[in-house]
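See below for the structure under consideration.
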Amino acid sequence: MSGTILEVENLSVDIPVAAGMLHPVRGIGFSVSRGETLCIVGESGCGKSLTSLAIMGLLPKTARRNADRIEFLGRDIRNLREREMARLRGGSMSMIFQEPMTSLNPSYTIGNQLAEVYLRHVEQSRAAARDRAVFLLEKVGISSAASRLGQYPHQLSGGQRQRVMIAMALMCGPELIIADEPTTALDVTIQAQILHLLAELQREFRMGMILITHDLGIVARVADKVQVMYAGKTVEEGPCETVFDAPMHPYTQGLLRCIPIPGRTRRGERLGSVPGIVPNLVGELSGCLFRNRCDHARDACAGMRDDEPTRMGDGHAYTCLRAPGEISGELQAAEAP
Amino acid sequence: MTEAPAPALETVEVTCVFQVSQGLLRGSKPLRAVNGVSLKIPRGQVVGLVGESGCGKSTMANILLGLQRPSSGDVLYAGNSAAGFSRREIARRIQPIFQDPYSSLNPTKTIESIVSQPLRIHSVGAPSEWSARVGEMLDVVGLPRRVASSYPSQLSGGQRQRVAIARALIMRPEVVICDEPTSALDVSVQSQILNLLQDLKEEFGLTYLLISHNLAVVQHMADRVAVMYLGRIVEEADSDTLFNDPRHPYTRALLGSVLTPDPRLGVPDTHLGAVFPNPIDPPPGCTFHPRCPDCMTICRSEPPQPAVDGGHNTECHLYGGAVTPRTATQ
Numbered sequence: 001m002s003g004t005i006l007e008v009e010n011l012s013v014d015i016p017v018a019a020g021m022l023h024p025v026r027g028i029g030f031s032v033s034r035g036e037t038l039c040i041v042g043e044s045g046c047g048k049s050l051t052s053l054a055i056m057g058l059l060p061k062t063a064r065r066n067a068d069r070i071e072f073l074g075r076d077i078r079n080l081r082e083r084e085m086a087r088l089r090g091g092s093m094s095m096i097f098q099e100p101m102t103s104l105n106p107s108y109t110i111g112n113q114l115a116e117v118y119l120r121h122v123e124q125s126r127a128a129a130r131d132r133a134v135f136l137l138e139k140v141g142i143s144s145a146a147s148r149l150g151q152y153p154h155q156l157s158g159g160q161r162q163r164v165m166i167a168m169a170l171m172c173g174p175e176l177i178i179a180d181e182p183t184t185a186l187d188v189t190i191q192a193q194i195l196h197l198l199a200e201l202q203r204e205f206r207m208g209m210i211l212i213t214h215d216l217g218i219v220a221r222v223a224d225k226v227q228v229m230y231a232g233k234t235v236e237e238g239p240c241e242t243v244f245d246a247p248m249h250p251y252t253q254g255l256l257r258c259i260p261i262p263g264r265t266r267r268g269e270r271l272g273s274v275p276g277i278v279p280n281l282v283g284e285l286s287g288c289l290f291r292n293r294c295d296h297a298r299d300a301c302a303g304m305r306d307d308e309p310t311r312m313g314d315g316h317a318y319t320c321l322r323a324p325g326e327i328s329g330e331l332q333a334a335e336a337p
Numbered sequence: 338m339t340e341a342p343a344p345a346l347e348t349v350e351v352t353c354v355f356q357v358s359q360g361l362l363r364g365s366k367p368l369r370a371v372n373g374v375s376l377k378i379p380r381g382q383v384v385g386l387v388g389e390s391g392c393g394k395s396t397m398a399n400i401l402l403g404l405q406r407p408s409s410g411d412v413l414y415a416g417n418s419a420a421g422f423s424r425r426e427i428a429r430r431i432q433p434i435f436q437d438p439y440s441s442l443n444p445t446k447t448i449e450s451i452v453s454q455p456l457r458i459h460s461v462g463a464p465s466e467w468s469a470r471v472g473e474m475l476d477v478v479g480l481p482r483r484v485a486s487s488y489p490s491q492l493s494g495g496q497r498q499r500v501a502i503a504r505a506l507i508m509r510p511e512v513v514i515c516d517e518p519t520s521a522l523d524v525s526v527q528s529q530i531l532n533l534l535q536d537l538k539e540e541f542g543l544t545y546l547l548i549s550h551n552l553a554v555v556q557h558m559a560d561r562v563a564v565m566y567l568g569r570i571v572e573e574a575d576s577d578t579l580f581n582d583p584r585h586p587y588t589r590a591l592l593g594s595v596l597t598p599d600p601r602l603g604v605p606d607t608h609l610g611a612v613f614p615n616p617i618d619p620p621p622g623c624t625f626h627p628r629c630p631d632c633m634t635i636c637r638s639e640p641p642q643p644a645v646d647g648g649h650n651t652e653c654h655l656y657g658g659a660v661t662p663r664t665a666t667q
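Chains as they are written, first to last, in the numbering used here: chain A, 1 to 337; chain B, 338 to 667.
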């Protein structure tokens, strides 16, 4: 497809630890097209953040990355030198991190930090960098942008800092934005504003976006495609509406039962839960790793090949031994009053 | 007893002012973190307190816990003024559960030591019984008894929050102040903790003040909800009333920002300005007016008076006096 910006196949990350080899990401793949939003959703420790760092080439030194393919704008970036990677990062692929408090340098002004990206990647004229900074600060909804350039991060509120981070990510007109929990530290009203802004900018600049979050509400509202991760693997993926309407994997179903939904769950009613804890990802792993927390676990789950998902058409796929008929029958029964 | 029992906890016109330094030679300015708040927390109920960061929610929690003396106004414990209680007596009635179970448990103490600390401080029972009481509490919060000898670092986030709950409940308090009890937890763990809080409320007849920015959680748990903005409660009503008929433009914006997992809806536009007012230098008139989509001329100069409609209190010029709701702006 010509619109594809990023294609990843069989990406895994291994980190040697005292107890052996840790496998936080165990062979995942996805693609992002121009103007498309892919949401990677999962709980802490599922490998979603490491996945984004692996693409950006920002993994910790001890970590090892393996992939059959990481193609960005038609170019294999697996074996790029650090210097070439640095040219891509902040240029045509940029990242927005969770903590706007810690990802801005407190000792430089906003203007300085915004200009730096531009001067590094695009051109040497300070005046052009300044103009671009003012233009983008206005775009992200910061008032009196020109006078803000001389301010330091501590003079801004959390929401404003995240807006500055977004402006910074956009400085060089990236093709791909990776946003890792961009609104987790923010208030609900600010969260809605920031997400609204991201969606608007993405449409305007036709960027691909990977949004990493644990919040299913955010996923439902912004995603085109969803990828549910558990223990370093994709357990379910597909178009957003399909996954939310007919979740197939027991983990996806469990997550959706866990959250109170105004209008659907009654006050004081018991919420669903996913009992148990995430398995240890050190050493040899085999079979379905969700089986110790799954209501539907059977003997065969221990021997399941987790790299052969059941495909449902229109890109919807899940990694579980249960047959589609069995699951959809249940879904219909649950919906009937 | 009297016919209408006093609320378990009540604040009367509580104000809390901090002096904030403006720099070395510029002196300090007052910051009204809580500005004349009257809130009743009836026995056996869950009262939700919502609002953005910096609105004074946590200062309210500290005042109710007796950790912060209000500058003026009074806190009533079952109808009796706080002046008559020592910190220790307040701690017997009211216990907190904080947001971050990673920083609210001492990493150098064992779980048994952490959970039994209230017993030691209040010298409850014989030290020989403490271990058994800790064991009972661990059962109650659904932790295996063997964790008593573990350290916080050996437990998961959900387990730590259960420890914090066990510590809060071991003195059998009347009121528990839950300050963002599930914000730091994963969704699958959040639901377990919410279920547990619900069960414990039934079992021990507890009263909760639930402070949260997650409105879906508040709606799920609370009987009554108060919305706070810049130190004032701008709207307060029964949960159903508030969620079905939100009046204050700020409440409407908050409810509009809740992202339910509905893939057919996009991200809502809250129509709130991007500028959060400086609490040291609050705007004149209604403090919400610079962000309000329904702002009128009067809002810029006159602070609104509380309007009471049954149990539904709103502090907004749209609802003050004879102004009819919603038509005022048209």
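Just so it is clear, CB atoms sit at the ideal spot from N, CA and C, and this is done for glycine as well.
Every value quoted in this text rests on a predicted model; they were computed, and no experiment measured them.
What alpha helix (DSSP H) runs, 4 residues minimum, are completely inside the region 98-165 of chain A? 110-121, 126-139, 145-148
Determine, using beta carbons only, whether A:SER44 comes closer than 7 Å to chain B. Interface residue, yes.
Quick check on this structure: which residue in A:GLY232, A:HIS249, A:GLY35 has the alpha carbon closest to the alpha carbon of A:LEU331? A:HIS249
Pairing CB atoms from the region 377-397 of chain B with CB atoms from the region 438-458 of chain B, are three or more of them under 8 Å? Verdict: no, contact absent.
Below-7 Å beta-carbon distance, B:VAL554 vs any chain A residue: yes
Step through the CB atoms of chain A and report whether any lies within less than 7 Å of the CB of B:PRO600. For B:PRO600, the answer is yes, since a Cβ of chain A falls inside 7 Å of its Cβ.
For B:CYS353, which residues does DSSP report across the bridge? DSSP, once it has assigned bridges, lists B:VAL371 as partnering B:CYS353.
With 7 Å set as the bound, which would you pick, yes or no: does the beta-carbon of B:GLN382 sit closer than that to a beta-carbon of chain A? no
Residue-chain proximity (A:PRO309, chain B), Cβ-Cβ < 7 Å: A:PRO309 does not count as touching chain B.
Nearest residue (CA-CA) to A:THR189, options B:LEU346, B:LEU596, B:PRO640: The candidate whose alpha carbon is nearest that of A:THR189 is B:LEU596.
Please determine if the region 492-501 of chain B and the region 425-444 of chain B are in contact, where contact requires at least 3 C-beta pairs separated by less than 8 Å. yes
Integer-rounded CB distance, given that A:ALA199 should sit under 8 Å from A:VAL222: 6 Å
List, in chain order, every chain A residue whose beta-carbon is nearer than 8 Å to that of B:ALA590. THR189
List the endpoints of the continuous beta strand (DSSP E) containing A:VAL13. 4-17
Cβ pair count under 8 Å reaching 3, the region 630-641 of chain B against the region 543-554 of chain B: Verdict: no, contact absent.
Residues from the region 157-175 of chain A in contact with chain B, defined by Cβ distance under 8 Å: SER157, GLY158, GLY159, GLN160, ARG163
Using DSSP with H/G/I as helix, E/B as strand and the rest coil, what is B:GLN667? With a pLDDT of 37 at B:GLN667, under the threshold of 50, the modelled position of that residue is not reliable, and the figure given next carries that caveat. It is coil, neither helix nor strand.
Can you tell me where the beta strand (DSSP E) with A:GLY20 in it begins and where it stops? 20-33
So that I know if they touch, is there some Cβ in chain A lying closer than 7 Å to that of B:LEU531? Interface residue, yes.
So, with DSSP's three-state summary, where would you put A:PHE72? A:PHE72: strand per DSSP, three-state reduction.
Provide the residue(s) that pair with A:GLY238 in DSSP beta bridges, ordered along the chain. A:VAL226
Who are A:LEU338's beta bridge partners in DSSP? What is shown of chain A runs 1 to 337, which leaves residue 338 of chain A out entirely.
My guess is that B:TYR549 and B:VAL387 are in contact by the Cβ rule of under 8 Å, so how many angstroms apart are they, rounded? Checking the displayed sequence, the identity of residue 549 of chain B turns out to be Ser instead of Tyr. With 8 Å as the limit, B:SER549 and B:VAL387 qualify as a contact, their Cβ atoms being about 6 Å apart.
So what does DSSP say about B:LEU547, is it helix, strand or coil? Three-state result, B:LEU547: strand.
Quick one: is B:THR339 buried, meaning 16 or more other Cβ sit within 10 Å of its Cβ, or exposed? Caution applies to B:THR339, whose pLDDT of 47 falls short of 50 and renders its modelled position unreliable; the model cannot decide the point.
First and last residue of the uninterrupted alpha helix (DSSP H) at B:GLY410: Segment 409-414 is the beta strand (DSSP E) holding B:GLY410; no alpha helix (DSSP H) there.
The alpha helix (DSSP H) enclosing A:TYR251, as first and last residue numbers: 250-258
Three-way DSSP call (helix, strand, coil) for B:TYR656 in this model: coil
Does the Cβ of A:ARG126 have 16 or more other Cβ atoms within 10 Å, making it buried, or fewer, making it exposed? Exposed: under 16 other Cβ atoms inside 10 Å.
For B:HIS649, which of helix, strand or coil comes out of DSSP? Residue state, collapsed to three classes: strand.
Exposed unless 16 or more other CB atoms sit within 10 angstroms - verdict on A:PHE135: exposed
For B:GLU572, three-class secondary structure by DSSP: strand
Looking at chain B, is there any beta carbon in it that lies within less than 7 Å of the beta carbon of A:SER103? no
Taking 7 Å as the cut-off, decide whether the C-beta atoms of B:ASP523 and A:GLU43 are in contact. yes
Short of 8 Å in beta carbon distance, which residues of its chain neighbour A:CYS240, apart from the five on each side in sequence? Order them along the chain. CYS39, VAL219, ALA220, ALA223, ASP224, LYS225, VAL226
Three-state secondary structure (DSSP) of A:LYS61: coil
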